[in-house]
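See below for the structure under consideration.
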Amino acid sequence: MNSAGYKPEEIALSSGKWGESLERHYFGNPVPNISCGIGEYERRALKEASEVAKTILQSAGAFDIKAGNLRYASHQIGTHRMGKDSISSVVDENLCAHDVSNLYLVGSGSFVTSSPSPPTLTIAALATKTSEHIHIASLQRSGGTG
């Protein structure tokens, strides 16, 4: 049996939130209370992608085509949104915390939604961009040229 998959890009929903719950796990820390879901855009995109995939598979000779359920990979993302100010986000475009100078939160925490592809290359690109920013900022502080 062979399979093919598809997943649309997600749009950040204001209803998606996380916080602490009253429940504690075995180390005594609060269990995260996560609220998320897909919106109308994603539902339409999944329906259209399913139709396109079926057409492609049929033209390639497939005959027993079944649609599966929406599945998510277990990429740990989110919790510190990237943005221009501390009211709507935690870090700036260089992943520097708005409220703590010289604190950089490098990784996938600034992703507000999941992408159709694994996040590894985007994480590496953000890490490279952030390290270049830190290097230039340190040179400027020390009066160096690099």
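The numbering of the sequence shown is the numbering used here, which starts it at 817 and goes up by one.
Using N, Cα and C, we set each Cβ at its ideal position, and we do this for glycine too.
So for S866, helix, strand or coil by DSSP? As a working note, residue 866 is residue 50 in the sequence shown. DSSP places S866 in helix when its eight states are reduced to three.
Closest to L921 by C-alpha separation, out of N910, S931, S930, would be which residue? Here residue 921 corresponds to residue number 105 of the sequence shown, with the count starting at 1. Among N910, S931, S930, the Cα nearest to that of L921 belongs to N910.
Once the 5 residues before and after E864 are set aside, which same chain residues still bring their CB inside 8 Å of it? In the sequence shown, residue 864 corresponds to position 48, counting from 1. Here the set comprises nothing.
Measure the Cβ-Cβ separation of P935 and K823 and say whether it is below 8 Å. The sequence position of residue 935 within the sequence shown is 119, counting from 1. The sequence position of residue 823 within the sequence shown is 7, counting from 1. No, these two residues do not count as a Cβ contact at 8 Å.
Taking the alpha carbon of R897 as the reference point, which residue from G884, L886, A913 has its own alpha carbon closest? One-based indexing of the sequence shown puts residue 897 at position 81. When only C-alpha atoms are compared, the closest one is A913.
Proximity to F927 [Cα-Cα], best of S905, N918, I872: Taking the first residue of the sequence shown as position 1, residue 927 is located at position 111. Closest option to F927, Cα to Cα, is S905.
What three-state label does DSSP hand L838 in the structure shown? Here residue 838 refers to the residue found at position 22 when the sequence shown is read from its first residue. In this structure, L838 counts as strand in the three-state DSSP scheme.
If I follow the unbroken beta strand (DSSP E) through S924, where does it start and stop? Taking the first residue of the sequence shown as position 1, residue 924 is located at position 108. Counting along the chain, S924 falls outside any beta strand (DSSP E), and DSSP gives it neither H nor E.
Once DSSP output is grouped into helix, strand and coil, what is the label at S875? Taking the first residue of the sequence shown as position 1, residue 875 is located at position 59. DSSP places S875 in helix when its eight states are reduced to three.
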